[in-house]
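Data first, discussion second: the structure below is written as structure tokens.
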Amino acid sequence: MSVTMRINGEQREFEIGRDLLPTTTLSAFLREQVGCTGLKISCDEGACGACTILMDGKAVLSCMLLAVEADGHDLLTIEGLPEDDPVIEAFAEQCEPGHGTALQCGYCTPGFVMTVRALLNENPSPTLDEVKEALSGNLCRCGCYAGIVKAVGHAAEKTVARGGRS
Ligand code: FES
Ligand code: FES
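Note that the numbering used here has the sequence shown beginning at 58, numbered continuously upward.
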């Protein structure tokens with residue numbers, strides 16, 4: 058038996074038993090079998106958001122899904138975002154050391170980037186409350202929340218300036 062899924066724009070087919078087990082989580086499968094190591098596994102139980110990817114355009118926690126559940130779906134990991142994606146740019150620009158940085162160790166960053174990407178896909182100009190709500194499932198142990206919120210604001214400005222295009 059096989060499963061098919063689109064990963065970062067490429068249609069892929071995998072054989073159950075050879076490429077993945079029925080019990081393999083989507084996060085482990087993407088990292089270890091597909092090589093999408095941008096997504097991180099931290100808590101492995103749905104509590105931190107580090108493993109966030111987009112499935113059919115919606116943010117999902119890949120550690121809480123089985124790889125077989127992605128059969129027939131469209132997946133996007135941080136590797137699939139273009140370098141000039143406004144969210145990528147905004148996080149990269151908000152990284153000066155000190156108060157206001159969006160990242161220190163960077164372990165949480167891919168998860169935040171994908172969560173923000175999903176948010177701006179649906180709502181290019183979110184309010185502060187909407188940003189906080191959208192980010193409520195992502196944890197940053199370095200405590201960069203103020204900088205992350207700033208980066209989201211800049212990403213939204215860039216998205217709007219480009220006519221809503223991501
Ligand atoms: S690793 Fe998936 S939510 Fe923490
Ligand atoms: S930057 Fe280190 S966990 Fe967020």
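For every residue, glycine included, the Cβ atom is placed at its ideal position computed from N, Cα and C. Owing to the predicted nature of the structure, the values given are computational and were not obtained by experimental measurement.
CB of residue i to nearest heavy atom of ligand 2: below 8 Å?
i	result
C120	no
G92	no
G163	yes
T172	no
C199	yes
L160	yes
T166	yes
Taking 8 Å as the line, does the beta carbon of residue i fall inside it for any heavy atom of ligand 1?
i	result
K97	yes
S193	no
A85	no
A175	no
A104	yes
C108	yes
Report the residue from the options whose alpha carbon sits nearest the alpha carbon of residue i.
i	options	result
G129	G210, V217, E70	E70
M171	A208, E187, T216, V144	V144
C199	L160, K207, G66	L160
V91	E67, G103, A104	E67
K97	C197, L176, P154	C197
S193	G106, H156, T61, N65	G106
G220	D186, L185, A191, P181	P181
N65	D186, L177, T82, L132	L132
G168	G155, T184, A85, G95	G95
E72	M58, M62, L83, G155	M58
A127	D186, T81, P183, K215	T81
N178	D186, A191, G155	A191
T215	D142, G155, E136, P154	Looking at the sequence itself, residue 215 is Lys, so the reference to Thr does not match. Comparing Cα positions, the closest option is D142.
Starting from the C-beta of residue i, find all residues in its chain whose C-beta is less than 7 Å away, skip the five residues before and the five after it, and write them out in chain order.
i	result
M121	G103
F86	L77, A124
T166	F148, L160
R152	The question names Arg, yet the displayed sequence has Cys at residue 152. So the list reads T158, A159, L160, once near-sequence residues are dropped.
T134	N65, L87, C93, G95, L96, I110
Rounded to whole angstroms, how far is the Cβ of residue i from the Cβ of residue j, which I believe are closer than 8 Å?
i	j	result
C108	L118	6 Å
V206	V188	6 Å
L138	R174	7 Å
S84	Y164	In fact, because the Cβ distance is near 14 Å, the residues do not count as touching under 8 Å.
Is there at least one non-hydrogen atom of ligand 4 closer than 8 Å to the beta-carbon of residue i?
i	result
D101	The model depicted lacks ligand 4 and carries ligand 1 and ligand 2 instead.
Skipping 5 residues on each side, what residues in its chain have a beta carbon closer than 6 Å to that of residue i?
i	result
V60	F71, V125, D128
L185	none
H156	none
Okay, do the region 103-120 and the region 66-80 touch, 3+ Cβ pairs below 8 Å being the bar?
no
Quick check: the region 145-158 against the region 203-214, are at least 3 beta-carbon pairs closer than 8 Å?
yes
Closer than 8 Å is the cut-off here; do at least three beta carbon pairs connect the region 160-169 with the region 188-203?
Here the region 160-169 lies against the region 188-203, with 3 or more beta-carbon pairs under 8 Å apart.
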